[in-house]
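Asks: In our numbering, each residue carries its 1-based index in the sequence shown increased by 1.
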Amino acid sequence: MEYDGYCAIAQRGAQEFEAGDYAAAEATFESLLAADISDIDKCAMSLNLAMVAEKRPSPPADIEACYDRAIAYERPHRQYGATERKADWLAKQGRNRDSLHLYEAMLTYAELSETDRARVRLNCDSLRSDFNRYSEAARAAAALLEAGKHDEAIAAFRALVSGDLSDIDRAMMCCNVARSYEKKGDPRSALRWYERGVDYERPHRRFMVAELMANALSQQERSAESVRIYEDLLTRTELSEHDKWRMRGNIAALRTTS
């Protein structure tokens, strides 16, 4: 393909993408992949297709396939821009382990500059950090809950509560255990975990879990207990005026319906 013709078509695809006409942009970029252009340009078009797929949004497997196609075009030429883009995308999907493996593979590439090597090492260090391991485990547990695997979700969240976390994060994980029990249809066990979360958060003048527990009690038609929690919260100095207004409204609603 003549260079001017390639540039004109690529520019049209970029304009279609910017205008939000993703179907047209996809067709344009696909047409260039079928054309007689270099592997490096085909890599660029595959990355463009990945951007289109993310915007639509397409299933993660389709987006990943675009990145893999881009990598297949670039690697015979000892380039790695698409590889790094995929590693970054994987991390944003919460797939930290997969992202780390890809960055570690990049460190074996002799063609990396020292600047690139330093950047990739920093990304590896970040993905290996305790926080990222915690984040990945929490996302995996949430996925189990979303899939209806309540017992597995409960076990995963409970393991996080037992880990080396801050009290605030433990409170959040207790809340997730409680939610899992609610989804399972075991509100009694859920309340025990809300109580545990409250114990973690209260010394730090937080009240999110306490408020969620009050709401859970109201859903179980235990309005008097719910009101007592809200009334206790109203005595605490850390509430904003908006928080007080919201809780007074909840109390009024509970007293009306009880």
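Glycine included, every Cβ here is placed at the ideal spot set by N, Cα and C.
In terms of residue numbering, what span does the alpha helix (DSSP H) encompassing M173 cover?
Replies: D168 to K185
Asks: So for E212, helix, strand or coil by DSSP?
Replies: helix
Asks: Okay, do the stretch 117-127 and the stretch 142-150 touch, 3+ Cβ pairs below 8 Å being the bar?
Replies: no
Asks: Can you tell me where the alpha helix (DSSP H) holding D233 begins and where it ends?
Replies: S224 to L234
Asks: Give every residue of the same chain whose Cβ lies closer than 6 Å to the Cβ of M174, excluding the five residues on either side of it in the sequence, and list them in chain order.
Replies: F158, L161 and V162
Asks: In chain order, what are the residue ranges of uninterrupted alpha helix (DSSP H) at least 4 long that sit wholly in the stretch 48-135?
Replies: Runs of the alpha helix (DSSP H) inside the stretch 48-135: 61-75, 82-93, 97-107 and 115-129.
Asks: Kindly list the residues whose CB is nearer than 8 Å to the CB of P77, restricted to its own chain and excluding five residues on each side of it in sequence; keep chain order.
Replies: D40
Asks: How should C176 be labelled, buried or exposed, when 16 other C-beta atoms within 10 angstroms of its C-beta is the threshold for buried?
Replies: buried
Asks: Applying the 10 Å Cβ sphere with the 16-neighbour rule, what's the burial state of S181?
Replies: buried
Asks: For E153, which residues in the same chain have their Cβ closer than 7 Å to its Cβ, ignoring the five residues on either side in sequence?
Replies: L145
Asks: From the DSSP output, in three-state form, read off L192 for me.
Replies: helix
Asks: Quick check on the burial criterion: 16 or more other C-beta atoms within 10 angstroms. Buried or exposed for F18?
Replies: buried
Asks: Look up G164 in the DSSP assignment and say whether it is helix, strand or coil.
Replies: coil
Asks: Could you name the residues of the same chain whose beta carbon sits closer than 6 Å to that of C67, not counting the 5 residues immediately before and after it, in chain order?
Replies: For C67, the CB contacts under 6 Å within the same chain, skipping 5 residues up- and downstream, are S47, L50, A51 and A54 in chain order.
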